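Participant:
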Amino acid sequence: MCNRRECPLALDEIAYKLLVRLADRPALTQRQLAGEVGLSVGKTHNVLRELVAAGLVEAGDARRRTGTAGYRLTPQGRQEKSRQTLGFLRRKRAEFDALRAEIHDLWSRAPDSPDPFSGLPTRTASTMAHSLIAPHGGSLVDRMLDDDAAEAERRGSQDYPGWTLTHRQACDLELLITGAFSPLTGFMTRADYETVRDDMRLADGTLWPMPITLDVSEAFAEQVSEGSRIALRDEEGAPVAVMDVHDIYRPRKEREAEAVFGADDRTHPAVAYLHDEAGPVYLGGPVYGVEPPVHYDFKHLRYTPAEMRAHFQKLGWSRIVAFQTRNPMHRAHQELTYRAAQQVEANLLIHPVVGMTKPGDIDHYTRVRCYEHLLERYPEQTTALALLPLAMRMGGPREALWHAIIRKNYGCTHLIVGRDHAGPGRNAAGDDFYGAYDAQDLVTRHADELGIEMVPFQMMVFVEERGQYFPADEVGEDETILSLSGTELRRRLKEGVDIPEWFSYPEVVKELRKTYPPRHRQGLTLFFTGLSGSGKSTVARALQAKLMEMGDRPVSLLDGDIVRRHLSSELTFSKEHRDLNIQRIGFVASEITKNGGIAICAPIAPYAATRKKVRHMIEAEGGFLEVHVATPLEVCEQRDRKGLYAKARAGEIPEFTGISDPYEAPEEPELRIDTATMTPDEAAHKAILKLESLGFIR
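Under our numbering, the first residue of the sequence shown carries the number 447, and numbering increases by one thereafter.
(1) Count the other C-beta atoms from every protein chain shown that fall within 10 angstroms of the C-beta of Thr1077, then say buried if there are 16 or more, exposed otherwise.
(2) Give me the DSSP bridge partner(s) of Asp693.
(3) Does the beta-carbon of Leu761 have 16 or more other beta-carbons within 10 angstroms, so that it is buried, or is it exposed?
(4) Starting from the C-beta of Thr1056, find all residues in its chain whose C-beta is less than 6 Å away, skip the five residues before and the five after it, and write them out in chain order.
(5) Judging by CA-CA distance, which residue of Phe1070, Ala1092, Glu1080 is the nearest neighbour of Leu1137?
(6) Let's test the definition: count the other Cβ atoms within 10 Å of the Cβ of Met905 and tell me whether it reaches 16, buried, or not, exposed.
(7) Would the region 661-675 and the region 797-813 be scored as touching if the rule is three or more Cβ pairs under 8 Å?
(8) Please list the terminal residues of the continuous alpha helix (DSSP H) segment that includes Ile1031.
(9) Three Cβ pairs or more, each shorter than 8 Å: is that satisfied between the region 874-884 and the region 834-847?
(10) Any idea what DSSP makes of His797, helix, strand or coil?
(11) Does the distance from the CB of Ile1064 to the CB of Thr971 come in under 9 Å?
(12) Counting along the chain, where does the beta strand (DSSP E) carrying Tyr517 start and finish?
(13) Using the Cβ count rule (16 or more neighbours within 10 Å means buried), how would you classify Lys1059?
(14) Can you round the beta-carbon distance between Pro472 and Arg518 to whole angstroms, since I take them to be within the 8 Å contact cut?
(15) Indicate whether Ala1048 and Ala991 have their beta-carbon atoms separated by less than 9 Å.
(16) Could you tell me the alpha carbon to alpha carbon distance between Ala1066 and Ile808, rounded to whole angstroms?
(17) For Phe1019 and Ser980, what's the separation of their Cα atoms in angstroms?
(18) Counting only runs that start and end within the region 1079-1139, where is the beta strand (DSSP E) found for 3 or more residues in a row?
(19) Would you please state the rounded distance, in angstroms, between the beta carbons of His1074 and Pro1126? I believe it to be under 8 Å.
(20) For Tyr811, count the other beta carbons within 10 Å of its own beta carbon; 16 or more makes it buried, fewer makes it exposed. Which is it?
(21) Taking the beta strand (DSSP E) that Pro917 belongs to, which residues open and close that run?
(22) Check the Cβ-Cβ distances between Gly864 and every residue of chain B, and say whether any is below 9 Å.
(23) By how many angstroms is the C-alpha of Gly932 removed from the C-alpha of Arg755?
(24) Are Ala830 and Glu737 touching if we call contact CB-CB under 9 Å?
(25) What are the boundary residues of the alpha helix (DSSP H) that Val954 is part of?
(26) For Asp998, count the other beta carbons within 10 Å of its own beta carbon; 16 or more makes it buried, fewer makes it exposed. Which is it?
(27) Taking the alpha-carbon positions, what's the Pro751 to Asn855 distance?
(28) Alpha carbon to alpha carbon, how far is Met838 from Gly725? Give it in angstroms, no decimals.
(29) Pick helix, strand or coil for Met427, following the three-state DSSP scheme.
(30) Pick out whichever of Thr531, Ala1130, Gly516 has its Cα sitting closest to the Cα of Gln789.
(31) Would you decide whether Arg965 is buried or exposed? Buried here means 16 or more other CB atoms lie within 10 Å of its CB.
(32) In angstroms, rounded to a whole number, what distance separates the CA positions of Ala893 and Glu899?
(33) By DSSP, does Gly523 sit in helix, in strand, or in coil?
(34) Spatial neighbours of Arg938 within its chain, please: C-beta separation below 6 Å, excluding the five flanking residues on both sides.
(35) Please confirm whether Phe974 and Ile1046 have their CB atoms less than 9 Å apart.
(36) Please say whether Tyr824 and Gln780 have beta carbons closer to each other than 9 Å?
Have a look at this one:
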């Protein structure tokens, strides 16, 4: 009949009947099974023997020879029974649809004949639409203007105050316009913001867990007033939407952090964004789309909620379980999603986030290529892949609730919610921000109101003796579990070490290796920071010479004075302009790093928050090493060839770092050197040794 590895595709009708009986009534004997399915005891014995050999059925120990031992399904057998049942139902539905189409064709040729489907439910667009879950709030929002109105607003927007959207705001706006954030029609006013922040509800009482706000600068806020209309522009300056400003308010960001994310802790990426990047003023009001969202990548996988629902209707899907992910998927993920779909007898939508995820995550281009390879591993016509341009907040329980509402708007009836769903990791004290099951508990508490059902994430492990993945709670104590942590996977990718096929499919690993080669082939940035006169530039030049001598990668030096002269000559030395100068350096370094080169940066960079932004910018593209040149202030003053310290102490230079303006020393740099105790050559050699120890050079 089948062997242990091939059995899932080769069961005959008799074997299937036995699996069904054992699923309903475990521990039946051979004689009982034979009677229930109408077979001889001998025939039943032979089929059971093959099922036992295939690992689908196990027998009790007592009196096996006499045929009175009790039989029961193994975990693999339960899985196979569900798989076969689902396949049977799909085949019957296909046969039914084909027969209906054939009869309808015959009837259409004889229009005077009575309708053969009279009184039976038909698969018209209207009835199919009713088979999908209703959007959150009852109706799907559509904020796109028609062509004439959009053209009028496009012309009128030239006279409106214009706000250039940040990446996160652009993601939010797209999901507002397309209805993924139904029932929201715009960015939140103060009333909605405060009730969402404190009670997870809009002002009208509708469940909604996450603030959706348009944060702007003080300068822009002064240009607008309540009742005015503004243009929302993309990074190229084109108007993509207009907004009626109904409310202008200043949030209490500490309270928002505590209420929404559980702590005012900057190690949480959303809290850091709130304090360090988001503007101080919020604008609220309805938005109107002028230009449809445009994406040039993976167009075949980008659906609005309305398009996704139409796609489900075309396929005849009404029960859909969504899988939320921001990481590549491996064999364990494929197995758990497949089992989740079987468990609730639904089709599967793999719905990864491709907007903003956690800093340091793998880019979405690489991930989507991996998902496309993985899609081929699912049974045909059971699974779909679509992309979600969401800006995640990593908000744990609230984020899980938010994800459920968004998937409901896309037409999904179920959502897989994992352990520590959308958790950002550890807080400043080294503890997890959220409990492992907090997200599942919150979604469960609101299940009736949500409408969409939760499928708890099953921890899948690879059992060496059985050569397959199984839920952790189905593994015996005497069985061997093979595992590969995320940290170990990243190490193997960085060092070019083999990744076993039991962990991931070869084509997925190949995609990851294309984007993340071993460290000695990656681009990287060495970011020197320290006081004026500390020796940053001298050490950086010495290091540049040593790396160029090796010759394996191009090396670029972005010295503070050189950048000021060629890239930032119009900037002053105010805090705002110093931050802007460092961000420019970071951008150039990130481009060098992305293209496989080595960037050596040597600015003063006195502020920790700005250095952190640069780190995040560059780590998304390759390696980053912060080098603190910790030469004492008194030594720097003694070396003051330009006389800057003397002028600063005399009050001639305002806001001079180390004298009248603070220098925030790095707390945990990758390397710390003191040029008061070593020569530039020794310092550069120390940096080379550090790069070698980290694997960036061989």
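For every residue, glycine included, the Cβ atom is placed at its ideal position computed from N, Cα and C. Fair warning: this is a prediction, and the values are worked out from it, not measured in the lab.
Facilitator: According to the structure shown:
(1) To locate residue 1077, count along the sequence shown from 1; it is residue 631. It is buried - the Cβ of Thr1077 has at least 16 other Cβ atoms within 10 Å.
(2) The residue given as residue 693 occupies position 247 in the sequence shown. Asp693 pairs with Gly730.
(3) On the sequence shown, position 315 is the one that residue 761 refers to. The residue is exposed, with fewer than 16 neighbouring Cβ atoms inside 10 Å.
(4) As a position in the sequence shown, residue 1056 is number 610, starting the count at 1. Within the same chain, Thr1056 has close Cβ partners Asp1025, Ile1028.
(5) The sequence position of residue 1137 within the sequence shown is 691, counting from 1. Out of Phe1070, Ala1092, Glu1080, Phe1070 has the C-alpha closest to the C-alpha of Leu1137.
(6) In the sequence shown, the residue the question calls residue 905 occupies position 459. Answer is exposed; the Cβ neighbour count stays below 16.
(7) Judged by Cβ distances under 8 Å, the region 661-675 makes no contact with the region 797-813, as fewer than three pairs qualify.
(8) Translated into positions along the sequence shown, residue 1031 becomes position 585. Unbroken alpha helix (DSSP H) run through Ile1031: 1021-1040.
(9) Yes, they touch.
(10) Locating residue 797 in the sequence shown gives position 351, where the first residue counts as 1. Three-state DSSP puts His797 in a strand.
(11) Locating residue 1064 in the sequence shown gives position 618, counting from the first residue. Locating residue 971 in the sequence shown gives position 525, counting from the first residue. If you check the CB distance, Ile1064 and Thr971 come in under 9 Å.
(12) The residue given as residue 517 occupies position 71 in the sequence shown. Taken as a continuous stretch (DSSP letters only), the beta strand (DSSP E) holding Tyr517 covers 517-519.
(13) Translated into positions along the sequence shown, residue 1059 becomes position 613. So Lys1059 counts as buried.
(14) Working through the sequence shown from its first residue, we reach residue 472 at position 26. Working through the sequence shown from its first residue, we reach residue 518 at position 72. So it is a contact: roughly 4 Å between Cβ atoms.
(15) Sequence index remark: in the sequence shown, residue 1048 carries index 602 (1-based). Sequence index remark: in the sequence shown, residue 991 carries index 545 (1-based). Contact flag unset, no.
(16) Against the sequence shown, residue 1066 aligns to sequence position 620. Against the sequence shown, residue 808 aligns to sequence position 362. Those two C-alpha atoms are separated by around 8 Å.
(17) As a first step, residue 1019 must be located in the sequence shown, where it is residue number 573. As a first step, residue 980 must be located in the sequence shown, where it is residue number 534. Looking at the two C-alpha atoms, the distance is approximately 19 Å.
(18) 1117-1119
(19) Sequence index remark: in the sequence shown, residue 1074 carries index 628 (1-based). Sequence index remark: in the sequence shown, residue 1126 carries index 680 (1-based). Not really, about 16 Å apart at Cβ, beyond 8 Å.
(20) Here the question's residue 811 lines up with position 365 in the sequence shown. Per the 10 Å Cβ criterion, exposed.
(21) In the sequence shown, counting from the first residue as 1, residue 917 sits at position 471. Its beta strand (DSSP E) spans residues 914-917.
(22) The chain labelled as chain B is not found in the depicted structure, where only one protein chain is given.
(23) What you label residue 755 is simply residue 309 of the sequence shown in a count that begins at 1. What you label residue 932 is simply residue 486 of the sequence shown in a count that begins at 1. Each residue's alpha carbon lies about 35 Å from the other.
(24) Translated into the one-based positions of the sequence shown, residue 830 becomes position 384. Translated into the one-based positions of the sequence shown, residue 737 becomes position 291. Not a contact, by the Cβ cut-off of 9 Å.
(25) Taking the first residue of the sequence shown as position 1, residue 954 is located at position 508. 952-961 is the extent of the alpha helix (DSSP H) around Val954.
(26) On the sequence shown, position 552 is the one that residue 998 refers to. Asp998 is exposed by the Cβ-count criterion.
(27) If you number the sequence shown from 1, residue 751 lands on position 305. If you number the sequence shown from 1, residue 855 lands on position 409. Distance between the alpha carbons of Pro751 and Asn855: 6 Å.
(28) Your numbering for residue 725 matches position 279 in the sequence shown. Your numbering for residue 838 matches position 392 in the sequence shown. Taking the straight line from one Cα to the other gives about 18 Å.
(29) Nothing can be reported for residue 427, as the shown portion of the chain is limited to 447 through 1144.
(30) To locate residue 789, count along the sequence shown from 1; it is residue 343. With distances taken between Cα atoms, Gln789 lies closest to Thr531.
(31) Along the sequence shown, one-based indexing puts residue 965 at 519. Buried is the call here.
(32) The residue labelled residue 893 in the question sits at position 447 within the sequence shown. The residue labelled residue 899 in the question sits at position 453 within the sequence shown. Looking at the two C-alpha atoms, the distance is approximately 6 Å.
(33) Residue mapping note: residue 523 aligns to position 77 of the sequence shown, counting from 1. Gly523 falls in the helix class under three-state DSSP.
(34) Walking along the sequence shown from the start, residue 938 turns up at place 492. Cβ-Cβ distances below 6 Å link Arg938 to Ile945 in the same chain, with the five nearest sequence neighbours on each side left out; the list follows chain order.
(35) In the sequence shown, counting from the first residue as 1, residue 974 sits at position 528. In the sequence shown, counting from the first residue as 1, residue 1046 sits at position 600. Yes. Within cutoff.
(36) Along the sequence shown, one-based indexing puts residue 780 at 334. Along the sequence shown, one-based indexing puts residue 824 at 378. Result yes, Cβ atoms of Gln780 and Tyr824 sit closer than 9 Å.
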